[in-house]
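Visitor: Just dropping this structure here.
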Amino acid sequence: MRRNTLILAAGKSTRMKSRKSKVLHEILGKSSLAYVVELAHEIESDEIFVIVSPQEENIQLLFGEELNYVTQQHQLGTGDAVASAAPFLEDGTTLVLYGDVPCLRAESLQELFDFHESQGNDLSILSVDTEDPTGYGRIVRDALGVVAIVEHRDATPEQLSIREINSGILLMDTKLLKTYISELTPSNVQGELYLTDLVEIFRSAGYKVDAYRMEDEEEIVGINTRCQLAQATRVLQERINNYWMENGVTLISPESIFIEDGVEIEQDVVIWPGTYLKGDTHISADCEIGPEVTLESTFVGTGTRVLRSSITQAEIGDNTQVGPYTYIRPNSFIGDNCRIGDFVEIKNSVIGSGTKVSHLTYVGDADLGEDINIGCGVVFVNYDGKVKQRSIVEDGAFIGCNTNIIAPLRVEKGAYVAAGTTLTEDVPKDSLAIGRSKVTIKSDWKAKKEE
Ligand code: UD1
Ligand code: CA
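Using this note's numbering, read the sequence shown as starting at -4 and increasing by one per residue.
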């Protein structure tokens, strides 16, 4: 049986009070619509249609050509959105997903598919019982199944007390969908074509409509407002965090820790509060990360400790210490057993194993070898106003405090640079470079000045 999946993403997003569509708002680094597209792939749809508004046709650029896009010319409601795709649907079953319902799991959809088939339904609804049904469509049942879905705004006081709500997810026979979708009318408070009115239409034509009550009401939160966006973030955050805790990662105060979907974490990692792990960050075993660390697409080796720091697109070796207050920028490679300390910024540089850059230093566009000591307040002067140039410091060198290294140059193996030097030429192996003006002492200067 051919499976079509429709993803509705053309709504006006009025309640979000935003210049962009609510389906493009992000939850843990990924748009709501991206979660729903992934779900559609996961359940093995034969064809996926995304319904977009004329203002949001850029969605096509974001999601590529493997999906079909249908433009809904006027936002006349969820029924109109489905009607705009109907001519393109081949017979089989059609599943309707909402682009603003990002937390739904494939397992729940599978339960809906099984229910639909085992009950021999023509239309199945995914529903849930909830404490607070405000804003959602209510499921009105009779002895034969479901008779109607009544929107919150259209409901009678009696219907408002119903706790079973429509998730928005519907599964139906495609032929029937195509036959009856044109019968929807805008006879409701919002003057829209409600997809949910198909329930009554199907029932009065004698077809079988029923709702599958799923367990977990958190899965169906719709992100119409910023508060619901925060609610969805909590749901997905907790789901991801629980996964890592079940897989041997300690999260201290998980509600303050945010881990995006593409992150990998090995066993016996401890993550402290206020930490945000993004992109395809990988954290190897026995690391301690946080508090207050942001890692974006960064690889961290075994046993490394990162404290109150921000690292983007970098690689950190084993048993290295980073922070507090270190800023490591893209294309930086830090070796094993390094010590990168407070107020150090590193950009587009290599730091060899065993090297220490302990405080108040900028390393930009430099290649540092192993077992080097970089003193306090060193600046790799990489930019002359026109071009960025690289410097090299070889193994075992010692760079004294408050040194400026004016690129491009090379400090060879085992060389020393005296504190306070502004270095403008290469330093040969094992030598000392000292570039300071001589200190002059003027005795009794204070007394003479006051004469
Ligand atoms: C809808 C359901 C409601 C259900 C709730 C669950 C209807 C009439 N109501 O209400 O029963 O409890 O979802 O979250 O379906 N969209 C379009 N084109 C349009 C209008 C909407 O593509 O013309 C898209 C929106 O982008 C959104 C989805 O359809 O992704 C749902 O629309 P929305 O306006 O959010 O419906 P709700 O009022 O939440
Ligand atoms: Ca909604």
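By construction, the Cβ of each residue, glycine as well, lies at the ideal position given by its N, Cα and C atoms.
Spatial neighbours of I341 within its chain, please: CB distance less than 6 Å, with the 5 preceding and 5 following residues excluded, ordered by chain position.
Guide: Excluding residues within five positions, the ones whose Cβ falls inside 6 Å are I323, S327 and V358.
Visitor: For Q262, which three-state DSSP category applies?
Guide: Of the three classes helix, strand and coil, the one that applies to Q262 here is coil, per DSSP.
Visitor: Of all residues in the structure, which have a C-beta closer than 6 Å to any heavy atom of ligand 1, taken in chain order?
Guide: Going along the chain, the residues that qualify are L3, A4, A5, G6, V18, I46, Q67, Q70, L71, G72, T73, D75, A76, Y93, G94, D95, V96, Y131, G132, I144, E146, I160, N161, S162, G163, Y189, L190, T191, G217 and N219.
Visitor: With contact counted as at least three CB pairs below 8 Å, one residue from each stretch, are the segment 118 to 129 and the segment 203 to 212 in contact?
Guide: With the cut-off at 8 Å, the segment 118 to 129 and the segment 203 to 212 touch.
Visitor: What's the gap between the Cα of I164 and the Cα of A76?
Guide: Their backbone Cα atoms lie some 14 Å apart in a straight line.
Visitor: Between I46 and A101, is the Cβ-Cβ spacing less than 8 Å?
Guide: No, Cβ-Cβ distance for I46 and A101 is not below 8 Å.
Visitor: Could you tell me how far apart the beta carbons of R198 and V142 are, in whole angstroms, since I believe they sit closer than 8 Å?
Guide: Right, their Cβ atoms sit about 6 Å apart.
Visitor: Could you name the residues of the same chain whose beta carbon sits closer than 8 Å to that of N377, not counting the 5 residues immediately before and after it, in chain order?
Guide: For N377, where only same-chain residues beyond five positions count, the Cβ hits under 8 Å are G359, D360, A361, K383, Q384, R385, S386 and A402.
Visitor: What does DSSP give as the partner residues of K383 in its beta bridges?
Guide: Looking at the DSSP assignment, K383 forms a beta bridge with Y378.
Visitor: Leaving out five residues on either side along the sequence, give the residues of the same chain with a beta carbon under 6 Å from the beta carbon of K112.
Guide: Note that residue 112 is Glu in the sequence shown here, rather than Lys. Excluding positions up to five away in sequence, the list is empty.
Visitor: If you follow the alpha helix (DSSP H) that F197 is part of, which residue opens it and which one closes it?
Guide: Unbroken alpha helix (DSSP H) run through F197: L193 to S199.
Visitor: Consult DSSP for D109 and reduce its assignment to one of helix, strand or coil.
Guide: DSSP places D109 in helix when its eight states are reduced to three.
Visitor: Do you know offhand how far I218's Cα is from Q67's?
Guide: Rounded to the nearest angstrom, the two C-alpha atoms are 20 Å apart.
Visitor: Is the beta carbon of H20 sitting closer than 8 Å to the one on L231?
Guide: Taking 8 Å as the Cβ cut-off, H20 and L231 do not qualify as a contacting pair.
Visitor: Quick one: complete alpha helix (DSSP H) runs, 4+ long, within the segment 350 to 435?
Guide: With a minimum length of 4 residues, no continuous alpha helix (DSSP H) run stays inside the segment 350 to 435.
Visitor: At the level of alpha carbons, what is the spacing between S156 and D124?
Guide: When rounded, the distance between both Cα atoms is 12 Å.
Visitor: Taking the straight line between their C-alpha atoms, what separation do you get for D366 and G395?
Guide: Roughly 14 Å between the two C-alpha positions.
Visitor: If contacts are defined as beta-carbon pairs under 8 Å, then P325 and N314 qualify, I think. What distance do you get, rounded to the angstrom?
Guide: The pair is not a contact, with the Cβ atoms about 23 Å apart (cut-off 8 Å).
Visitor: Closest to I254 by C-alpha separation, out of A200, Y271 and R14, would be which residue?
Guide: The residue with the shortest Cα to Cα distance from I254 is Y271.
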